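Structure first, commentary second.
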Amino acid sequence: MVKGDEPFKKLLTQGMVLKDGAKMSKSKGNTVDPKEYIENYGADSIRTFMIFASPPEQSLEWSDNGLEGCHRFLKRLWALSYKIINLEDSSFIKSKDSLNDECKDLFVKINDDYEKRLNLNTVVSSCMEILNNINKRFSSAGAECSKEDLITTYDFLLLALSPIAPHISEQLYKEILGKELQDASWPSNEFFEKNETEVKYLIQVNGRVRANIMLEPSLSEGEVKQKAKEHENVSRHLENKDIIKVIFIKNKLINFVHS
């Protein structure tokens, strides 16, 4: 018995590897030869498949098709990397939609999956989505995003994959970004904050919601108050009323209290 708290936050017990619905066992003859698979697909592909195939606390069913799918994913990552290194500054095409903003929800999800939920399988699926988002920006004319956006998104993709596919992540980080992955740091909390162009305000009259409107987050209390009063349903409930108090919570709500 220990007198203090346990020296960890959570116990995670991993599942077993199954083949044909049964636990792998030499006595059952249902094992796979790791050397053969490493020679054909590489250790990173095997690691990626085993993490992607199921949540860590559940058993996973070995699948050659699943392994091949993860191998194709890493090959697409490799191919993308050499598209990036061959881009010239003139190859970047201005886009109204930021690649970084497009992937922000995936960045946040990966961060939470690593730090809180330990859903490593969905880290892989989110990385696959980020890769798809980057690839969609490429055309014969170049890359439809800014250079800074592309490098930031690609940098995080390799960082996120590095615990799962360390060999390819390390090599590409050095060859494409010119940096050592072992010297890289996980992004700060600011990186995961969304740059919202609008926020939703709840508009209340005497505590009852009468409307909600989308406004710029930089607006002052006075500006929000004026726009809220201009809303048809709000103005109807304030007509001929004496406002005695206004409760304002920045980027959340405004409540008009009348007598």
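In this note's numbering, the protein residues as written are 422 to 680. Ideal Cβ placement from N, Cα and C applies to all residues, glycine included. Just so you know, these numbers come straight off a predicted model, no measurement behind them.
For I467, the closest of P477, K449, H652, G487 by C-alpha to C-alpha distance is G487. Taken through DSSP and simplified to helix, strand or coil, V645 comes out as helix. Straight-line spacing of the CA atoms in K673 and Q647 works out to 15 Å. 8 Å or more divides the Cβ of L578 from the Cβ of E591. When only Cα atoms are considered, E523 and E457 end up about 39 Å apart. Judged by beta-carbon spacing, I472 lies within the 8 Å limit of N542, meaning their Cβ atoms are closer than that value. The alpha-carbon separation between L571 and T469 amounts to approximately 24 Å. Unbroken alpha helix (DSSP H) runs of no fewer than 4 residues, entirely contained in the region 645-678, are found at 653-659, following chain order. If you look at R631, you'll find it isn't in any alpha helix (DSSP H); it sits in the beta strand (DSSP E) that goes 629-636.
For Y535, there is no enclosing beta strand (DSSP E), as DSSP marks it with neither H nor E.
CA-CA distance, A562 to K515, rounds to 12 Å. Taking each of L640, H658, E660, H652 in turn and checking the Cα distance to F669, the smallest one comes out for L640.
Taking the C-beta atoms as reference points, L552 is found nearer than 8 Å to R497. Judged by DSSP secondary structure, K456 falls within the alpha helix (DSSP H) whose first and last residues are 455-462.
A443 and M437 have their alpha carbons spaced roughly 9 Å apart. Residue environment analysis places N676 among the buried positions, since at least 16 neighbouring C-beta atoms fall within 10 angstroms of its C-beta. Sixteen is the threshold: when 16 or more other Cβ atoms of the shown chains lie within 10 Å of the Cβ of T573, as they do, the residue is buried. The DSSP-derived three-state label of K447 is coil. Here S512 carries a helix assignment [DSSP, helix/strand/coil]. Exposure of I506 is indicated by the presence of fewer than 16 other C-beta atoms within 10 angstroms of its C-beta. Distances from the CA of N661 to each of E651, V645, H679, L433 were compared; the closest alpha carbon is that of H679. Excluding the 5 residues flanking it on each side, L636 has same chain C-beta neighbours closer than 7 Å at E619, V620, Y622, V645, K648, in chain order. G563 is bridged by DSSP to S560. Between S519 and K530 the beta-carbon gap is near 18 Å, outside 8 Å, which marks them as no contact. Between K666 and the set H652, A632, N627, the nearest pair of CA atoms involves N627.
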